[in-house]
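Reading through the structure tokens given below for one structure.
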Amino acid sequence: MTAATLTSAQLAPGQAAWRRFRRHRLALAGAVIILVLVLGSAFGPYLLPFDDTYIDIMKRFAPPLSGAHILGTDELGRDVLARLMMGGRVSLSIGIVAMVIAMAVGIVVGAFAGFYGGVVGAVLMRLVDAVLCFPTIFLLLALAALTEPGLVTTTVLIAATAWMAVARVVEAQVRALREREFAVAALAFGSSNLRIMFRELVPNAIAPIMVAATLNVAKAILLESYVSYLGYGIQPPAASWGNMLNNAQIYLTSAPWLAIAPGVAITLAVTSFNFLGDGLRDALDPRMNIP
Amino acid sequence: MARYVVNRLGQAIMLLVIVSAIGFAILHMAPGGPLSQFAASAQMTQEDLDRVTRQLGLDRPLPIQYLDWFGRMLKGDWGKSYRDGEAVLSVISSHLGATLELMATATIIAVLLGCWIGILGALRRYSLFDTLATVGAMIALSIPTFWFGLVTIYVFSVKLGWLPAGNRETVGDGSFLDLLHHLIAPAMVLALVETAMWGRFMRSSMLEVINQDYIRTARAKGMPEWRILTVHALRNALLPMITVAGLQFPTLLGGALVAETVFTWPGMGRLFLDSIGYRDYPVVMGILMFSATMVLIGSLLADILYAVVDPRIRVG
Numbered sequence: 000m001t002a003a004t005l006t007s008a009q010l011a012p013g014q015a016a017w018r019r020f021r022r023h024r025l026a027l028a029g030a031v032i033i034l035v036l037v038l039g040s041a042f043g044p045y046l047l048p049f050d051d052t053y054i055d056i057m058k059r060f061a062p063p064l065s066g067a068h069i070l071g072t073d074e075l076g077r078d079v080l081a082r083l084m085m086g087g088r089v090s091l092s093i094g095i096v097a098m099v100i101a102m103a104v105g106i107v108v109g110a111f112a113g114f115y116g117g118v119v120g121a122v123l124m125r126l127v128d129a130v131l132c133f134p135t136i137f138l139l140l141a142l143a144a145l146t147e148p149g150l151v152t153t154t155v156l157i158a159a160t161a162w163m164a165v166a167r168v169v170e171a172q173v174r175a176l177r178e179r180e181f182a183v184a185a186l187a188f189g190s191s192n193l194r195i196m197f198r199e200l201v202p203n204a205i206a207p208i209m210v211a212a213t214l215n216v217a218k219a220i221l222l223e224s225y226v227s228y229l230g231y232g233i234q235p236p237a238a239s240w241g242n243m244l245n246n247a248q249i250y251l252t253s254a255p256w257l258a259i260a261p262g263v264a265i266t267l268a269v270t271s272f273n274f275l276g277d278g279l280r281d282a283l284d285p286r287m288n289i290p
Numbered sequence: 000m001a002r003y004v005v006n007r008l009g010q011a012i013m014l015l016v017i018v019s020a021i022g023f024a025i026l027h028m029a030p031g032g033p034l035s036q037f038a039a040s041a042q043m044t045q046e047d048l049d050r051v052t053r054q055l056g057l058d059r060p061l062p063i064q065y066l067d068w069f070g071r072m073l074k075g076d077w078g079k080s081y082r083d084g085e086a087v088l089s090v091i092s093s094h095l096g097a098t099l100e101l102m103a104t105a106t107i108i109a110v111l112l113g114c115w116i117g118i119l120g121a122l123r124r125y126s127l128f129d130t131l132a133t134v135g136a137m138i139a140l141s142i143p144t145f146w147f148g149l150v151t152i153y154v155f156s157v158k159l160g161w162l163p164a165g166n167r168e169t170v171g172d173g174s175f176l177d178l179l180h181h182l183i184a185p186a187m188v189l190a191l192v193e194t195a196m197w198g199r200f201m202r203s204s205m206l207e208v209i210n211q212d213y214i215r216t217a218r219a220k221g222m223p224e225w226r227i228l229t230v231h232a233l234r235n236a237l238l239p240m241i242t243v244a245g246l247q248f249p250t251l252l253g254g255a256l257v258a259e260t261v262f263t264w265p266g267m268g269r270l271f272l273d274s275i276g277y278r279d280y281p282v283v284m285g286i287l288m289f290s291a292t293m294v295l296i297g298s299l300l301a302d303i304l305y306a307v308v309d310p311r312i313r314v315g
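Chains A and B, in that order, are what the protein sequence lines are. Under numbering that gives the first Met the number 0, the first residue of the first sequence carries the number 0, and numbering increases by one thereafter. Under numbering that gives the first Met the number 0, the first residue of the second sequence carries the number 0, and numbering increases by one thereafter.
Take a look at the structure:
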């Protein structure tokens, strides 16, 4: 028998431990990186001598580590590190707020669809299927083109294109939990439907909801970077990780550092949330196997 | 089988109706609605606007307008571009070829590379290769496609000078080799996310199959390992990949939009962004509906194909 045929039950204890350790170590690293990014964006700007919108045209295109500008300056002589930190505030906030809105919509839609089933469930879930037919970036850009761009619009639109996966998860959970004894007992006690849905069923589905929420933050940060890079998200002079890359392509030959810092920040943040979500999935319920 | 197909087709048509209703709602969300193009002109008086409203039938109740619009969509009348007055459908079809070329190339790379990585990862589970592949796939899924494009341009065009930084062909050349040369970088960039997805799905599908009883039986009767893998494991593990192809389609289309933008590739995605820039709403809406319909048809075909190759689906 080769190593390839070993199932998880046949693994040596050490191997199984290594497996858990490896998984959790990545999730842990993700959590630490997220903490560093959040703290850096929140408090970093107070420690820097430069303002993120301060223009110093004499010092434009200063490369990283030249003088006081640790990450260099951009085409207007603004400090890249200061913009990176202020951009982090915007990008991370959008990621988290969009997640909260998407979760709220997804949980409500999923709970109603899963609890009532029948026509209500079918209509709601077909709506979910229909919205999922639109490729996310196309839908997001079309909606962004029709509205006034800005912080609030971008956040709401990202949430509007990200709630469907949550609705599917919650619907499946609520539909399965609805028949369980505790739900039937609550019904026998005379609890209202709303109470059973949101005080009994949804809290019992908290594990997959938390996983979905974490992965949703990653998705929202990524989507913000796409719309802002394409010019329909956060508008200058305000910085976001996406719109810092807006002009980077033009200056790729002369000032490549402009493209590196924000790109690395986005990748770090998204990877960290994805690993955290993966780790949570393994930790909370190993049988929950959504690829 | 026929019953399954009819059933699935019915679902798809119902979904198309909902999709079109969403599209119609978005169209009417535009500032000023479908009238905005006329309202923007200073010479238009309120009287003119009222007349246009009547001419376009915009004073009728919304459900009637929707039915009218949906009927015209079905007949292939998707309106005219604000920019040059060309029919939306012909504008889209003239850009479709470049997009399909990019998507097909990226898919071929992703399927071959992704399946290879996934199968090898499943066979050597928790080996160094598998660990690196799993972590690598997660990072690949987290990198913004446009940024990976920028890095690719910087490394292969700016620094090494091996690949062109954009466009589909050199002006005045356009030979097969020239086209291929231009295709490499955008296809590679688009293939990154796809490869990661295919690898992940392939790995879990292969792991599922490898632990089945019939594999153990094959092994017990002394069948050579390569034959077990190719004849029994791989054939069954590849089946669910048909569904993955359907599921992947929206991501692939979205990725193509981004890759086309970075590499100034003259495809549908770039046309979409240009049209947004020009506030050319008929083309924007046309591409939005077109892409959603493509996704719908893609998932329908994937489901039907899956039922053809796997009888368990259509019976159960």
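Idealized CB from N, CA, C, for every residue including glycine.
Check, Outcome
"Whose C-beta lies closer than 8 Å to the C-beta of Gly22(B) among residues of the same chain, with five residues either side of it excluded?", "Met284, Leu287, Met288 and Ala291"
"Tell me which same chain residues have a C-beta within less than 6 Å of the C-beta of Leu304(B), skipping the five on either side of it?", "Ile241"
"So the alpha helix (DSSP H) Phe181(A) belongs to, where does it begin and stop?", "Glu180 to Ala187"
"Going by C-alpha to C-alpha distance, which of Pro62(A), Ala237(A), Ala171(A) and Tyr228(A) sits closest to Val89(A)?", "Ala237(A)"
"Taking Cβ-Cβ distances shorter than 8 Å, what residues in chain B pair up with Phe133(A)?", "Val18, Ile21, Pro249, Leu287, Ser290, Ala291 and Val294"
"Using CA coordinates, which residue listed in Pro63(A), Leu70(A), Ile95(A) and Phe42(A) is at the minimum distance from Thr213(A)?", "Ile95(A)"
"Would you identify the three-state DSSP class for Ser126(B), choosing helix, strand or coil?", "coil"
"Considering only C-alpha positions, which residue in the set Val188(B), Tyr153(B), Leu300(B) and Ser274(B) is nearest to Leu145(A)?", "Ser274(B)"
"Our contact map puts Thr154(A) next to Leu222(A) with C-beta atoms below 8 Å; I'd like the distance itself, whole angstroms only.", "The pair is not a contact, with the Cβ atoms about 10 Å apart (cut-off 8 Å)."
"Can you list the residues of chain B that Leu138(A) reaches, using a CB-CB cut of under 8 Å?", "Leu287"
"Is Ala86(B) helix, strand or coil by DSSP?", "strand"
"With 16 as the cutoff for other CB atoms within 10 Å, does Leu83(A) come out buried or exposed?", "buried"
"On the CB-based measure, 16 or more other CB atoms within 10 Å of its CB, does Glu85(B) come out buried or exposed?", "exposed"
"Would Val210(A) pass as a contact of Ala166(A) if the rule is Cβ separation under 7 Å?", "no"
"To the nearest angstrom, how far is the alpha carbon of Leu70(A) from that of Arg311(B)?", "58 Å"
"Contact check, Leu189(B) vs Ala255(B) under 8 Å by CB: the rounded distance?", "6 Å"
"According to DSSP, is Lys218(A) helix, strand or coil?", "helix"
"Taking Cβ to Cβ, would you say Ala112(A) is nearer than 7 Å to Glu199(A)?", "no"
"Ile100(A) and Ala158(A) - do their beta-carbons sit closer together than 7 Å?", "yes"
"Would you mind telling me which residues of chain B sit closer than 8 Å to Ala247(A), beta carbon to beta carbon, in chain order?", "Leu149"
"When Cβ atoms are compared, which residues of the region 253 to 267 of chain A fall closer than 7 Å to chain B?", "Pro255, Ala258, Gly262, Ile265 and Thr266"
"Closer than 8 Å is the cut-off here; do at least three beta carbon pairs connect the region 131 to 138 of chain B with the region 211 to 218 of chain B?", "no"
"Going by DSSP in three states, Lys158(B) sits in which element: helix, strand or coil?", "helix"
"Would you say Val157(B) lies against chain A (beta-carbon separation less than 7 Å)?", "yes"
"Ala217(A) touches chain B at which residues, Cβ-Cβ below 8 Å?", "Ser141"
"How long is the line joining the alpha carbons of Leu206(B) and Phe248(B), rounded to whole angstroms?", "24 Å"
"Taking 6 Å as the limit between beta carbons, can you name the residues of its chain near Thr52(A), skipping five residues before and five after?", "Pro236"
"Check each candidate in Leu95(B), Ala20(B), Thr263(B) and Ala219(B) and name the one with the smallest Cα separation from Arg125(A).", "Ala20(B)"
"Could you pull out every residue in the same chain whose Cβ sits closer than 7 Å to the Cβ of Ile195(A), ignoring the five residues on either side in sequence?", "Ala182, Ala185 and Leu186"
"What does the alpha-carbon distance come out to for the pair Leu36(A) and Phe145(B)?", "22 Å"
"Can you confirm whether Tyr305(B), when its beta carbon is compared against all beta carbons of chain A, has any partner nearer than 7 Å?", "no"
"Going by beta carbon distance, what residues of the same chain come within less than 6 Å of Thr160(A), once the five residues before and after it are set aside?", "Thr135, Leu138 and Leu139"
"Could you name each continuous alpha helix (DSSP H) segment of 4 residues or more that falls completely within the region 155 to 229 of chain B, going from the start of the chain to the end?", "175 to 209 and 212 to 219"
"Any C-beta of chain A sitting closer than 7 Å to the C-beta of Tyr153(B)?", "yes"
"Mind checking the region 260 to 278 of chain B against chain A and listing, in chain order, the residues whose C-beta falls within less than 9 Å of any C-beta there?", "Thr260, Val261, Gly268, Phe271, Leu272, Ser274, Ile275, Gly276 and Arg278"
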